[in-house]
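The structure under discussion appears below in the form of structure tokens.
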Amino acid sequence: MRRPAAIDACDRFAPLRGELGALLAGLGAGDWERPTAAGQWSVKDVAAHLLGGDVGILSRRRDGVRGPGAPVRTHADLVRLVDRLNAEWVVAMRRASPRLLVELLAVTGPAVEAYFASLDPTAMGEPVSWAGPDPAPVWFDLAREFTERWHHQQQIRDATGRPPLYEPYYLSPVLDTFVRALPHGFRTVRAAEDTTVRFEISGKAGGVWFVVRGARVWELVLDAPREPVADVVVSEDVAWRMFTKGVDRQRARRAAAVRGAVEFADPIFATVAVIG
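Residues 3 to 278, numbered by this note's numbering, are exactly what the sequence shown covers, in order.
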């Protein structure tokens, strides 16, 4: 069975940041306070969160500074810690002006990109928590960082009525990264070896993947060892929202085309590719 290839998103961070800069520069005063799909956060809060992500990477990972925080022993501990740190940062940055946020992002963005470019993408790094607890290759973590920047920018675009950034150059690696969460999403589903579920994301940036029960765990592959027991097709617009909790599982399910055994389709709609 063919497995998905490594994702090389490193050279796409700078163009994505350019899109963000142009987007933020075009916002009116009222746009910054518009609500977004990111919980209780406004457009300004989401921009501040993106800045906080840059600061965290440069401080913790590049410079080795460990901030205060409760011990992380479980995924639930991680979620609580991340939620608390994000909330504290966003509240503090409400004192900053939109202009200052834009200026700071123009400083931190290139520094983060230079740090990413200095890494060996084939080396093993920290786990990508929503894909499982095991260490992951650096390229996977960088791809996750790319999805973080893309989907928060898209939340701002949605909130302010700007066109979506659905060009395959940007959205294809995002979707290709998100689907890596599916084996973890299926981890509690009991099935015979080689049980296969087909998943398709329709649209120019989409693709087709298969979730297959291996000897010990579920795996993500590009071809089917046997006829799928279930087949799920969602649009690219629904898919990224489903994986980032921008649409609830019931609405995503209603928007999808599902054939076969529903018990093997349902885990797809419960899978998320963000922390929390």
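All C-beta atoms in this analysis are idealised placements derived from N, C-alpha and C, irrespective of residue type, glycine included.
Name the two residues that bound the continuous alpha helix (DSSP H) containing Ala161. Val140 to Thr162
Note down the Cα distance separating Ala133 from Ala259, rounded to an integer number of angstroms. 25 Å
Alpha-carbon to alpha-carbon, Ala98 and Val92: 10 Å
Please determine, among Gly32, Leu102 and Leu144, the residue with the shortest C-alpha to C-alpha distance to Arg14. Leu144
Just reading off the alpha helix (DSSP H) that Gly54 is part of, what are its end residues? Val45 to Gly58
Please report the Cβ distance between Ala138 and Met95, rounded to the nearest whole angstrom; I am assuming they are in contact, meaning their Cβ atoms lie under 8 Å. Their Cβ separation, rounded to whole angstroms, is 29 Å, which puts Ala138 and Met95 out of contact at 8 Å.
So if DSSP puts Gly262 in a beta bridge, which residue, or which two residues, is it bridged to? Ala232
Go through its chain and collect everything with a Cβ distance to Gln155's Cβ below 6 Å, but skip five positions before and after it. Leu22
contact_flag[the stretch 266-277, the stretch 229-241] where n(CB pairs < 8 Å) is 3 or more: yes
What are the residues that DSSP puts in a beta bridge with Met126? Pro139
Please say whether Leu224 and Arg68 have beta carbons closer to each other than 8 Å? no
Is the stretch 156-166 touching the stretch 182-201, taking contact as three or more C-beta pairs under 8 Å? no
Can you tell me which of Asp250, Leu25 and Leu29 puts its alpha carbon nearest to the alpha carbon of Ala272? Asp250
Could you spell out the range, first to last residue, of the alpha helix (DSSP H) harbouring Arg215? Premise fails: Arg215 lies in the beta strand (DSSP E), Gly209 to Arg215, not in any alpha helix (DSSP H).
Where Arg192 falls: helix, strand or coil (DSSP): coil
If distances are taken between C-alpha atoms only, which option among Asp122, Leu107, Ser131 and Gly205 comes closest to Ala78? Ser131
Give the C-beta separation of Ala241 and Leu177 to the nearest angstrom, bearing in mind that I take them to be a contact with Cβ-Cβ under 8 Å. 6 Å
DSSP three-state assignment for Glu169, whether helix, strand or coil: coil
Rounded to whole angstroms, what is the Cα-Cα separation between Cys12 and Glu115? 8 Å
Using DSSP with H/G/I as helix, E/B as strand and the rest coil, what is Val114? helix
With Val284 as the anchor, note down where its alpha helix (DSSP H) starts and where it stops. Residue coverage of the chain in this structure runs from 3 to 278, which leaves residue 284 outside it and unanswerable.
Element boundaries [beta strand (DSSP E), containing Val276]: No beta strand (DSSP E) holds Val276; DSSP gives it neither H nor E.
So the candidates are Val74, Gly209 and Thr197; which of them puts its Cα closest to the Cα of Pro170? Gly209
If I measure Cβ to Cβ from Ser61 and keep anything under 7 Å in the same chain, skipping five residues before and after, which residues do I get? Val67
Could you give the DSSP three-state label for Pro73: helix, strand or coil? coil
Spatial neighbours of Pro37 in its chain, beta-carbon cut-off 7 Å, leaving aside the 5 residues before and after: Ser44 and Ala161
Are the beta-carbon atoms belonging to Arg164 and Leu53 less than 8 Å from one another? no
Since Val191 and Phe201 should fall inside the 8 Å C-beta cutoff, what is the C-beta to C-beta distance between them, to a whole number of angstroms? Actually they do not touch by this definition, with Cβ atoms about 14 Å apart.
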